[in-house]
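**Student:** My questions all concern the structure below.
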Amino acid sequence: AVVGGGNVAMDAARSARRLGAKEVRILYRRTRDEMPALREEVEEAEKEGIILDCLTNPVEILGENGRVRAVKCRRMRLGEFDRSGRRRPVPVEGSDYVLEAQVVVAAIGQAVDEAGLAGKVSFTRGGTIACDEKTLATDLPGVFAGGDCVSGPATVVEAIAMGKRAASAIDSYLGGDGRVVPV
Numbered sequence: 017a018v019v020g021g022g023n024v025a026m027d028a029a030r031s032a033r034r035l036g037a038k039e040v041r042i043l044y045r046r047t048r049d050e051m052p053a054l055r056e057e058v059e060e061a062e063k064e065g066i067i068l069d070c071l072t073n074p075v076e077i078l079g080e081n082g083r084v085r086a087v088k089c090r091r092m093r094l095g096e097f098d099r100s101g102r103r104r105p106v107p108v109e110g111s112d113y114v115l116e117a118q119v120v121v122a123a124i125g126q127a128v129d130e131a132g133l134a135g136k137v138s139f140t141r142g143g144t145i146a147c148d149e150k151t152l153a154t155d156l157p158g159v160f161a162g163g164d165c166v167s168g169p170a171t172v173v174e175a176i177a178m179g180k181r182a183a184s185a186i187d188s189y190l191g192g193d194g195r196v197v198p199v
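Residue numbers for the sequence shown follow the working numbering, so the first one is 17 and each next one is one higher.
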């Protein structure tokens, strides 16, 4: 069982299937049309035999002898619109059911874990690390940040570009000329 509806959920589900899982289900609390994953990712997952359980929300992971054995799920319906502009999923009373599963993968979003950083670097209202847009320097001298923890969810290409920009700024910070030689 893979929980989530984004590209990471599709990747996790497809990888599990390719690694030999007989059945893989994606549990998503909204409808297929509201999944944040790219349409082609969802379609390819379905072609590979991934089952989409939409309007489904896991409420408990059930285990036995230290191992997952099932997921207790609850059916959802769409309610009023929320701040994101999407209709909010609302639980359907009395709709709980148990789905057998040996593995549960949570792919339900990204957030910067502030543990160890709180009070040392600043964060934006969106929960990402605040840094200089050009150099990616944080307000803690000698500490630079880049990738999703600065931009929020983005592409690998964008993260690599930020890494190169940060490398140049780090080189300058350490007294170099800011030119980073590719490896």
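Note that beta-carbon positions come from the ideal geometry of N, C-alpha and C, so glycine has one too.
Using three-state DSSP, classify LYS88 as helix, strand or coil.
**Tutor:** In this structure, LYS88 counts as strand in the three-state DSSP scheme.
**Student:** Who are the near neighbours of ALA28 in its chain, counting only those whose CB is closer than 6 Å to its CB and skipping five residues on each side?
**Tutor:** Counting only Cβ-Cβ distances below 6 Å, and skipping sequence neighbours, we find VAL18, VAL121 and ALA123.
**Student:** Can you check the segment 76-130 for any alpha helix (DSSP H) of at least 4 residues that lies completely inside it and give the ranges in chain order?
**Tutor:** You should have found no qualifying run.
**Student:** Can you find the residues in the same chain that come closer than 7 Å, C-beta to C-beta, to MET92, ignoring five residues on each side of it along the sequence?
**Tutor:** For MET92, where only same-chain residues beyond five positions count, the Cβ hits under 7 Å are ARG45, LEU71, THR72, ASN73, PRO105, VAL106, PRO107 and VAL108.
**Student:** What's the call for GLY20, buried or exposed, on a 16-neighbour Cβ count within 10 Å?
**Tutor:** Looking at its Cβ environment, which holds 16 or more other Cβ atoms inside 10 Å, GLY20 is buried.
**Student:** Decide if the segment 141-149 is in contact with the segment 30-49; the criterion is three or more beta carbon pairs, one per stretch, under 8 Å apart.
**Tutor:** Contact between the segment 141-149 and the segment 30-49 is absent, because fewer than three Cβ pairs lie under 8 Å.
**Student:** Taking the alpha carbon of GLU60 as the reference point, which residue from ASN23, SER100 and CYS89 has its own alpha carbon closest?
**Tutor:** The candidate whose alpha carbon is nearest that of GLU60 is ASN23.
**Student:** Give me the residue from VAL119, ASP49 and GLU50 with the minimum Cα distance to GLY82.
**Tutor:** The candidate whose alpha carbon is nearest that of GLY82 is VAL119.
**Student:** Going along the chain, which residues of its own chain have a beta-carbon closer than 7 Å to the beta-carbon of ALA117, five neighbours each way excluded?
**Tutor:** Excluding sequence neighbours, ALA117 sits near ALA17, VAL84, ALA86 and VAL87.
**Student:** Report, in whole angstroms, the separation of the C-beta atoms of VAL196 and SER184, which I expect to be a contact under 8 Å.
**Tutor:** VAL196 to SER184, Cβ: 5 Å. Contact.
**Student:** Tell me, to the nearest whole angstrom, how far the beta carbon of ALA175 is from that of ASP164; I am working on the premise that it is less than 8 Å.
**Tutor:** With a Cβ gap of about 7 Å, ALA175 and ASP164 count as contacting.
**Student:** Kindly list the residues whose CB is nearer than 6 Å to the CB of MET26, restricted to its own chain and excluding five residues on each side of it in sequence; keep chain order.
**Tutor:** Excluding sequence neighbours, MET26 sits near ALA53, GLU57 and ALA61.
**Student:** Report the rounded CA-to-CA distance for GLU64 versus LYS136, giving the unit in angstroms.
**Tutor:** For GLU64 and LYS136, the distance between alpha carbons rounds to 45 Å.
**Student:** Could you pull the start and end residues of the beta strand (DSSP E) that ILE145 belongs to?
**Tutor:** First-last for ILE145: undefined, no H or E at that position.
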